[in-house]
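Only one structure is covered here, and it is reproduced in the block below.
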Amino acid sequence: MPTIDPARLLADLHALRAIGTYKSGVHRPTYGADDVRSRHWLAERLTQAGLTATIDGIGNVIGLDPTPGRKLLLGSHLETQNHAGWLDGAMGVIYALEVARTLGQGIDVAGWADEEGHFGSFLGSRSYAGLLPEAEIDACKSVDDGTPLRAALETAGFAGKPRLQADLARYHGYLEAHIEQGATLEDAGQRIGIVTAIVGSHRFRIVFEGQQNHAGTTRMAVRKDAGVALIKLAAAIEDRFPKIVGPRTVWTIGRITLDPGAPSIVPGRAEMLFQFRDTDQALLFTLERELEALVEQANQGPCRVTVAHRGRSVPRQMDEGFQAAFERAAEKHAPGLHQRMPSGAGHDAQIMAERMPSGMLFVPSIGGISHHFSEDTSEADIVLGCQVFADAAAEVLALA
125 MPTIDPARLL ADLHALRAIG TYKSGVHRPT YGADDVRSRH WLAERLTQAG
175 LTATIDGIGN VIGLDPTPGR KLLLGSHLET QNHAGWLDGA MGVIYALEVA
225 RTLGQGIDVA GWADEEGHFG SFLGSRSYAG LLPEAEIDAC KSVDDGTPLR
275 AALETAGFAG KPRLQADLAR YHGYLEAHIE QGATLEDAGQ RIGIVTAIVG
325 SHRFRIVFEG QQNHAGTTRM AVRKDAGVAL IKLAAAIEDR FPKIVGPRTV
375 WTIGRITLDP GAPSIVPGRA EMLFQFRDTD QALLFTLERE LEALVEQANQ
425 GPCRVTVAHR GRSVPRQMDE GFQAAFERAA EKHAPGLHQR MPSGAGHDAQ
475 IMAERMPSGM LFVPSIGGIS HHFSEDTSEA DIVLGCQVFA DAAAEVLALA
């Protein structure tokens with residue numbers, strides 16, 4: 125089996141970390157100047173590794189192996205959440221680069237765009253999988269400042285370039301490596317996680333419309349306070365959902381806004397961004413129906429409540445053969461220190477799984493922390509994970 129170069133792997137990870145450094149983490153939002161810089165940096169590294177590198181019209185960085193034969197596609201994403209961690213996404217991209225260099229042939233590498241959802245949902249991997257229509261690109265805007273996606277692509281220098289799509293006959297499948305972003309492995313004293321399934325998520329923007337008025341002169345009995353309506357729905361969700369969810373279901377109110385948001389004004393409008401996740405698709409739709417019932421109930425109050433936007437991703441099972449290859453590699457390098465587990469976070473692998481067999485490998489996150497600048501993983505676990513990843517990729521190519 126091949127042996128990776130740990131020093132080279134870590135040097136590249138730290139070089140990428142230096143693009144957009146924020147405290148101990150990275151701030152590299154999609155299509156921002158540092159994100160664009162990181163994509164050109166990766167393209168240069170892929171070219172040096174002997175791959176044919178292209179940055180396409182959605183910002184994906186694709187490195188194609190020019191040698192004959194079918195390939196294994198490896199990758200992850202380059203952008204980060206705002207003021208977040210240095211390994212989320214980036215580690216999987218550098219693993220892919222290191223495996224391509226180590227194996228010498230048979231590996232294509234992808235640095236996907238916007239897995240983190242600054243403009244849309246898995247835009248890069250969906251584009252490469254042929255699942256992103258032009259009309260959706262027209263409609264997407266930045267969740268941070270409302271910039272249209274088309275304008276962001278123009279500023280980044282990607283507008284007018286063709287969007288590459290996977291030649292499905294070229295690939296045996298897709299593999300991705302990632303930090304766990306939770307504490308399951310650390311708490312169990314394990315060093316490698318082999319992903320069995322990736323959760324789906326249902327996402328909602330819920331709007332509350334009341335009547336803006338003076339906070340001192342508007343009697344409580346006649347108020348149409350959009351903020352109160354929001355709080356009541358949030359409390360109803362917290363009361364109802366625990367009674368019907370599964371053992372690994374999670375739900376989050378990620379953002380609340382009040383308009384105009386002034387201390388002496390009764391809010392006339394409010395918004396809630398809400399999501400829930402599970403690997404059971406039937407349960408996800410049960411929860412969506414329950415949310416709709418709670419919204420209908422909320423409309424019995426003085427404010428109008430509507431679900432203004434819905435977004436969904438589908439739970440996906442990871443390929444059993446790829447899981448077995450990861451397990452054999454893990455047992456070789458970390459005997460007894462690996463486990464199979466579902467992923468509670470969404471990943472590009474669930475998109476690629478719609479088009480080809482896919483698999484994922486996890487390494488531990490220190491303290492289970494991610495989406496924060498203190499996110500970290502020990503260098504020993506980073507190196508171990510890459511060696512396991514390389515062995516599994518080599519086995520898949522050898523047996524295909």
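Position one of the sequence shown corresponds to residue 125 (this note's numbering), numbered consecutively onward. Note that CB positions come from ideal geometry on N, CA and C, so glycine has one too.
Using the rule of at least 16 other Cβ atoms within 10 Å of the residue's Cβ for burial, across every protein chain shown, is residue i buried or exposed?
{"i": "histidine 242", "result": "buried"}
{"i": "phenylalanine 328", "result": "buried"}
{"i": "alanine 276", "result": "buried"}
{"i": "methionine 465", "result": "buried"}
{"i": "lysine 456", "result": "exposed"}
{"i": "methionine 476", "result": "buried"}
{"i": "proline 387", "result": "exposed"}
{"i": "proline 257", "result": "exposed"}
{"i": "aspartate 515", "result": "buried"}
{"i": "aspartate 268", "result": "exposed"}
{"i": "alanine 350", "result": "buried"}
{"i": "proline 192", "result": "exposed"}
{"i": "glutamine 172", "result": "exposed"}
{"i": "proline 459", "result": "exposed"}
{"i": "leucine 196", "result": "buried"}
Quick one: residues in its chain with C-beta nearer than 7 Å to the C-beta of residue i, no 5 flanking neighbours on either side, listed in chain order?
{"i": "serine 148", "result": "Phe497 and Ser498"}
{"i": "lysine 367", "result": "none"}
{"i": "threonine 501", "result": "Leu211, Ile303, Val487, Pro488, Ser489 and Ile490"}
{"i": "valine 431", "result": "Phe328, Ile330 and Val419"}
{"i": "glycine 306", "result": "Gly468, Ser489 and Gly492"}
{"i": "glycine 370", "result": "Asp402, Asp404 and Leu407"}
{"i": "alanine 312", "result": "Gln463"}
How about residue i and residue j: are their beta carbons less than 9 Å apart?
{"i": "glutamate 529", "j": "leucine 198", "result": "Here the chain covers residues 125 to 524 and nothing more, so residue 529 does not appear."}
{"i": "valine 323", "j": "glycine 468", "result": "yes"}
{"i": "glutamine 447", "j": "glycine 470", "result": "no"}
{"i": "leucine 221", "j": "glycine 174", "result": "no"}
{"i": "serine 200", "j": "alanine 234", "result": "yes"}
{"i": "glycine 297", "j": "proline 481", "result": "yes"}
{"i": "alanine 224", "j": "aspartate 189", "result": "yes"}
{"i": "leucine 408", "j": "arginine 440", "result": "no"}
{"i": "valine 150", "j": "alanine 167", "result": "no"}
{"i": "serine 162", "j": "leucine 140", "result": "yes"}
Using the DSSP secondary-structure output, state which residues sit across from residue i in a beta bridge.
{"i": "glycine 281", "result": "Glycine 281 is not bridged to any residue."}
{"i": "glutamate 300", "result": "Met484"}
{"i": "glycine 435", "result": "Arg327"}
{"i": "serine 200", "result": "Gly235"}
{"i": "tyrosine 252", "result": "In DSSP, tyrosine 252 forms no bridge with anything."}
{"i": "valine 429", "result": "Phe332"}
{"i": "glycine 149", "result": "Tyr146"}
{"i": "valine 390", "result": "Asn337"}
{"i": "proline 272", "result": "Lys265"}
{"i": "glutamine 441", "result": "Ala321"}
{"i": "threonine 176", "result": "Leu188"}
{"i": "alanine 293", "result": "Answer is none; alanine 293 lacks a bridge partner."}
{"i": "alanine 208", "result": "Val150"}
{"i": "lysine 195", "result": "Tyr295"}
Taking the continuous beta strand (DSSP E) assigned at residue i, which residues delimit it?
{"i": "glutamate 395", "result": "393-402"}
{"i": "glutamine 463", "result": "462-467"}
{"i": "aspartate 515", "result": "Careful: aspartate 515 lies outside any beta strand (DSSP E), inside the alpha helix (DSSP H) at 503-523."}
{"i": "aspartate 383", "result": "374-383"}
{"i": "valine 185", "result": "185-188"}
{"i": "isoleucine 318", "result": "316-322"}
{"i": "isoleucine 182", "result": "It is not in any beta strand (DSSP E) - isoleucine 182 carries neither H nor E in the DSSP assignment."}
Along the chain, where does the alpha helix (DSSP H) containing residue i start, and where does it finish?
{"i": "tryptophan 165", "result": "157-172"}
{"i": "phenylalanine 450", "result": "444-457"}
{"i": "methionine 215", "result": "214-227"}
{"i": "glycine 351", "result": "350-364"}
{"i": "valine 419", "result": "405-422"}
{"i": "arginine 310", "result": "Correcting the residue identity first, residue 310 is glutamate in this sequence and not arginine. Unbroken alpha helix (DSSP H) run through glutamate 310: 308-312."}
{"i": "glutamine 474", "result": "472-476"}
{"i": "alanine 131", "result": "130-141"}
CB-CB under 6 Å to residue i, same chain, minus the five flanking residues each way: which ones, in chain order?
{"i": "valine 507", "result": "Pro130"}
{"i": "aspartate 180", "result": "Lys285, Arg287 and Leu288"}
{"i": "isoleucine 493", "result": "Glu499"}
{"i": "isoleucine 355", "result": "none"}
{"i": "glutamate 412", "result": "His326"}
{"i": "valine 438", "result": "Gly324"}
{"i": "glycine 261", "result": "For the record, residue 261 in the displayed sequence is isoleucine; it is not glycine. Answer for isoleucine 261: Leu273, listed in chain order."}
{"i": "arginine 393", "result": "Glu333, Ala350 and Asp383"}
{"i": "isoleucine 318", "result": "Gln447, Phe450, Glu451 and Arg464"}
{"i": "leucine 485", "result": "Ala301, Phe450 and Phe513"}
{"i": "tyrosine 155", "result": "Ala276 and Ala280"}
For residue i, which residues of its own chain have a beta-carbon under 8 Å away from its beta-carbon, when the five flanking residues on both sides are left out?
{"i": "isoleucine 389", "result": "Gln336, Asn337, His338 and Ala339"}
{"i": "leucine 227", "result": "Pro126, Ala514, Ala517, Ala518 and Leu521"}
{"i": "glutamine 421", "result": "Ala360"}
{"i": "threonine 320", "result": "Gln441, Met442, Gln447, Arg464, Met465 and Pro466"}
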